[in-house]
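See structure below.
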Amino acid sequence: MVSGPGESPVGRGNGRRGGEPMDADTDDVARAVDVIRGSGTAVPRFGVILGSGLADVVGSWSDRRVIDYARIPGFARTTALGHAGRLVRGHVRGLPAVALQGRCHLYEGHTAAALAFPVRVLRALGVEFLIVTNAAGGLDPSFRSGDVMILRDHVRYQRLDGFGIGEPGGPRRDGPVYDERLIAAALAAARVEHVSVRQGVYVGVTGPNYETRAEYRMFRRIGGAAVGMSTIVEALAASSLGMRVLGLSIIANVARPDAPEEVRHEDVLRAVSGAADGVRRIVDRLIREFAGDGAIGDTPRGT
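Just so you know, we're using this note's numbering here: the sequence shown kicks off at 475 and counts up by one.
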């Protein structure tokens with residue numbers, strides 16, 4: 475992963491250890507948690523952030539309870555197509571889980587701290603394992619539209635304003651962002667569920683414009699396999715808070731800089747919807763296998 479020197483992903487440093495709130499809006503986190511717990515008190519160990527067109531991944535969950543972001547203190551409004559702006563609580567084979575249907579983006583005018591806020595709320599709810607999904611453009615010429623890519627690492631071309639970078643006593647992230655045991659578990663789940671998956675490096679840009687031909691060539695040259703406009707801030711926030719993180723990209727289109735084609739967001743949503751069922755099966759299996767018995771590790775990182 476490529477990131478800024480002395481990177482301090484979440485909050486304004488106050489010397490607290492991973493897994494604890496880290497900045498002045500701790501009261502906002504507590505208020506958000508109170509609202510969400512009003513819909514049920516079960517503690518979810520697994521959380522999922524659903525990117526463009528992936529809201530139906532929670533379609534198999536039972537006892538679903540939905541809260542609009544507008545009702546949750548501190549949650550910013552989503553404006554991008556394919557992002558419903560709702561928090562969903564439910565159960566997978568009796569195991570509690572929570573999902574965010576949609577996210578905010580830097581290109582919508584939000585700070586990185588605002589993007590990280592929902593992750594902090596999930597951690598305060600009890601989430602230890604976080605799956606972050608997105609729709610992405612393929613850089614690897616062997617990829618096909620609708621492929622699912624597991625993130626092995628990332629390259630960041632996104633600002634981290636509001637994260638307290640480099641402040642004395644601020645939080646530090648130790649080791650890889652994306653958890654190797656979750657990656658292995660996702661690969662195994664994909665095999666069992668007969669879902670074809672790829673692996674690669676995700677390049678995160680700010681957007682909202684799609685990449686130029688020169689940018690596509692550069693990103694491929696530095697080892698990128700897919701490019702998108704989200705995920706990295708959330709993954710860094712979760713990792714800093716001691717959560718175990720898995721990243722999944724759905725390849726909406728494949729960049730061919732020597733034969734470029736127009737990319738429309740409607741086409742992205744159409745391609746992603748075709749892969750949503752495979753993502754759902756992987757997510758459900760991971761929750762069933764690990765949320766109940768702590769097989770991946772009984773304590774989150776950094777605690």
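C-beta: ideal position from N, C-alpha, C; glycine also.
All values derive from a computational prediction rather than experimental measurement.
Return helix, strand or coil for residue i, following the three-state DSSP convention.
i	result
A558	coil
D524	First, the residue type needs correcting, since residue 524 is Leu and not Asp in the sequence shown. Note: L524 maps to strand in three-state DSSP.
V671	strand
D627	strand
I835	Residue numbering for the chain in the displayed model covers 475 to 777; residue 835 lies beyond these limits and cannot be assessed.
S536	strand
T607	strand
D758	helix
S468	This structure cannot settle anything about residue 468, because the visible part of the chain is limited to 475 through 777.
Quick check on residue i: buried or exposed, where buried means 16 or more other Cβ atoms within 10 Å of its Cβ?
i	result
V606	buried
I756	buried
G768	A caution first: G768 carries a pLDDT of 48, below 50, which makes its placement in the model unreliable, though a value can still be read off. Counting Cβ neighbours within 10 Å, G768 comes out exposed, since fewer than 16 surround it.
D497	Because D497 carries a pLDDT of 47, less than 50, the predicted location of this residue cannot be relied on, and the following value inherits that uncertainty. With 16 or more other Cβ atoms within 10 Å, it is buried.
S670	exposed
E740	exposed
D758	buried
A688	exposed
N608	buried
Distance check for residue j and residue i, CA to CA, integer angstroms please.
i	j	result
I657	P734	32 Å
P615	R691	11 Å
L599	G514	11 Å
A745	G525	13 Å
A554	H668	31 Å
F520	Q575	14 Å
Please name the residue in the options whose C-alpha comes closest to that of residue i.
i	options	result
V666	E763, P682, G674	E763
S713	E685, R597, I541	R597
Y676	P650, V719, A688, M623	M623
V572	T552, V629, R511	R511
D621	A765, G748, G600, G527	G748
R537	T552, A529, L524, H565	Note that residue 537 is Asp in the sequence shown, not Arg. Closest by alpha carbon: H565.
P547	R754, A660, A506, A729	A506
Hey, residue i and residue j: beta-carbon distance below 9 Å or not?
i	j	result
R449	Y652	This structure cannot speak to residue 449, because the chain is shown only from 475 to 777.
V593	M703	no
V522	P570	no
A700	L613	yes
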